[in-house]
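Colleague: Below are the structure tokens for one structure; questions will follow.
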Amino acid sequence: MNTVSVPVSSIGTKTKPLDGEGSLQVHLDPNEKIGNAKVFAIYGKGGIGKSTTSSNLSAAFSLLGKRVIQIGCDPKHDSTFTLTKKLVPTVIDILESVDFHSEELRVEDFVYEGFNGVMCVEAGGPPAGTGCGGYVVGQTVKLLKEHHLLEDTDIVIFDVLGDVVCGGFAAPLQHADRALIVAANDFDSIFAMNRIVQAISAKAKNYNVRLGGVIANRSQDTDQIDKFNDRVGLKKMAHFPDLDAIRKSRLKKCTIFEMESTPEIEKVKEEYLRLAASLLLDDDPLIMESLKDREIFDLLGFD
């Protein structure tokens with residue numbers, strides 16, 4: 001007769017459940033903790049502008065005098081190309097080239113200096129269907145620590161693939177102090193945001209990460225985001241409208257701070273600098289409660 005093993009922790013006790021209990025999760029190695037830097041993880045629906053937001057936010061932090069590392073966590077490895085002006089090799093590609101003997105690597109093999117001194121790393125990802133993104137994140141942080149690159153860093157930004165909140169790509173939440181969600185003023189973005197809120201709430205039970213707030217992007221209005229925020233206890237931290245100038249900056253492979261000045265570009269710059277300055281403050285974490293799928297459907301839309 002087949003039997004089912006039950007974890008001892010679940011029998012007759014009320015101990016705190018293990019992170020990801022009941023599912024396959026990647027767990028943080030205590031030796032891979034980042035250290036004293038403030039760590040932000042950027043999430044949001046696929047294609048919503050997370051990389052553009054992350055790169056411009058990194059640039060803004062650097063202009064405020066902070067030492068910044070941006071870590072792209074997408075197999076496309078395009079998170080940092082507006083900072084570096086090129087697609088840089090991924091950590092996994094570099095490790096593979098030395099048969100995963102990390103001691104053979106030099107800093108310049110996997111870290112590239114971008115706009116205003118922002119240090120750029122592309123973690124990459126495993127080949128499709130063959131591995132876990134959490135391993136990639138862990139190896140990247142391990143390399144940065146081995147080369148003492150985190151000791152003098154003020155800010156670390158993880159730019160995370162899409163709205164995937166499985167064990168692998170939730171791994172940056174194990175390192176982060178605050179998670180930020182990029183969302184547009186539409187149902188799909190807000191639906192994805194709700195799922196990310198659920199993931200952050202789950203990780204917060206075992207790690208220090210808390211939700212920082214929402215960055216409204218590619219939206220002229222924010223009424224639907226505001227409605228959702230009011231319901232679940234979130235706050236809007238910044239608003240970037242759907243401007244052609246922002247799209248053009250990515251096509252020109254540069255940050256918004258390198259674009260020719262216009263009144264609208266100056267407003268975007270000011271908003272990024274204001275956002276960066278606000279994130280340097282130790283605000284109290286948000287207390288939020290996600291919605292059921294049907295509740296989102298009933299909440300959003302025009303009367």
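In the numbering used here, the protein residues as written are 1 to 303. Every residue, glycine too, gets a C-beta built ideally from N, C-alpha and C.
Does the beta-carbon of A277 have 16 or more other beta-carbons within 10 angstroms, so that it is buried, or is it exposed?
Modeller: Here residue 277 refers to the residue found at position 277 when the sequence shown is read from its first residue. The residue in question, A277, is exposed, as its Cβ has fewer than 16 Cβ neighbours within 10 Å.
Colleague: Check whether the stretch 85-92 and the stretch 107-126 are in contact - that is, three or more C-beta pairs closer than 8 Å.
Modeller: They touch, by the three-pair rule.
Colleague: Return the chain-ordered list of same chain residues with a C-beta closer than 7 Å to the C-beta of S5, the five sequence neighbours on each side being excluded.
Modeller: The residue you call residue 5 lines up with position 5 of the sequence shown. In this prediction, S5 scores a pLDDT of 40, lower than 50, which makes its location untrustworthy; the coordinate-derived value is nonetheless stated afterwards. Around S5: no qualifying Cβ.
Colleague: Put M193 into one of helix, strand or coil per three-state DSSP.
Modeller: Position 193 of the sequence shown, counted from the first residue, corresponds to residue 193. Looking at M193 - three-state DSSP - the assignment turns out to be helix.
Colleague: Residues in its own chain within less than 8 Å of L286 by CB, not counting five upstream and five downstream?
Modeller: Along the sequence shown, read from residue 1 onward, the residue named residue 286 stands at position 286. Here the set comprises R210, L211, G212, G213, G233, L234, K235.
Colleague: Whole-angstrom Cβ separation of R82 and T255, contact assumed at under 8 Å?
Modeller: Locating residue 82 in the sequence shown gives position 82, where the first residue counts as 1. Locating residue 255 in the sequence shown gives position 255, where the first residue counts as 1. Checking the sequence, you will find Thr at residue 82 rather than Arg. Between T255 and T82 the Cβ distance is about 5 Å, and since that is below 8 Å, they are a contact.
Colleague: Where do the N-terminal and C-terminal ends of the beta strand (DSSP E) with H175 fall, by residue?
Modeller: The residue labelled residue 175 in the question sits at position 175 within the sequence shown. That residue, H175, is in no beta strand (DSSP E); its alpha helix (DSSP H) goes 172-175.
Colleague: If you reduce the DSSP assignment to three classes, tell me which class D223 lands in.
Modeller: Mapped onto the sequence shown, residue 223 falls at position 223. Correct three-state label for D223: helix.
Colleague: Express the C-alpha separation of V160 and E258 in angstroms, rounding to a whole number.
Modeller: Counting from one through the sequence shown, the residue named residue 258 turns up at place 258. Counting from one through the sequence shown, the residue named residue 160 turns up at place 160. Their backbone Cα atoms lie some 24 Å apart in a straight line.
Colleague: Residues in the same chain with beta-carbon distance under 8 Å from G22, minus the five sequence neighbours each way, listed in chain order, please.
Modeller: On the sequence shown, position 22 is the one that residue 22 refers to. Note that G22 scores 43 on pLDDT, short of 50, meaning its location in the model is unreliable and no value can be drawn from it.
Colleague: Give the range of the alpha helix (DSSP H) segment to which Y272 is assigned.
Modeller: Sequence index remark: in the sequence shown, residue 272 carries index 272 (1-based). Y272 -> alpha helix (DSSP H) spans 263-279.
Colleague: Based on the DSSP output, what are the partners of I215 in its beta bridges?
Modeller: On the sequence shown, residue 215 is found 215 positions in, with the first residue counted as 1. Answer is V182, A238, bridged to I215.
Colleague: Based on the DSSP secondary-structure assignment, which residues constitute the bridge partners of K253?
Modeller: Working through the sequence shown from its first residue, we reach residue 253 at position 253. Looking at the DSSP assignment, K253 forms no beta bridge with any residue, so it has no partner.
Colleague: Assess, as a yes-or-no matter, whether the stretch 39-52 is touched by the stretch 170-184 under the definition of 3 or more beta carbon pairs within less than 8 Å.
Modeller: Yes: the two stretches touch, three or more of their Cβ pairs being nearer than 8 Å.
Colleague: Name the DSSP bridge partner or partners of D159?
Modeller: By one-based count along the sequence shown, residue 159 stands at place 159. Partner(s): I42, G72.
Colleague: Looking at the structure shown, is R210 part of a helix, part of a strand, or coil, going by DSSP?
Modeller: Here residue 210 is taken as the residue at index 210 of the sequence shown, counted from 1. Correct three-state label for R210: strand.
Colleague: Tell me which same chain residues have a C-beta within less than 6 Å of the C-beta of G301, skipping the five on either side of it?
Modeller: Along the sequence shown, one-based indexing puts residue 301 at 301. None.
Colleague: Should the stretch 220-231 be called in touch with the stretch 54-67, which here means at least 3 C-beta pairs below 8 Å?
Modeller: Judged by Cβ distances under 8 Å, the stretch 220-231 makes no contact with the stretch 54-67, as fewer than three pairs qualify.
Colleague: Below 7 Å between beta carbons: does that hold for I215 and A238?
Modeller: Here residue 215 refers to the residue found at position 215 of the sequence shown. Here residue 238 refers to the residue found at position 238 of the sequence shown. Taking 7 Å as the Cβ cut-off, I215 and A238 qualify as a contacting pair.
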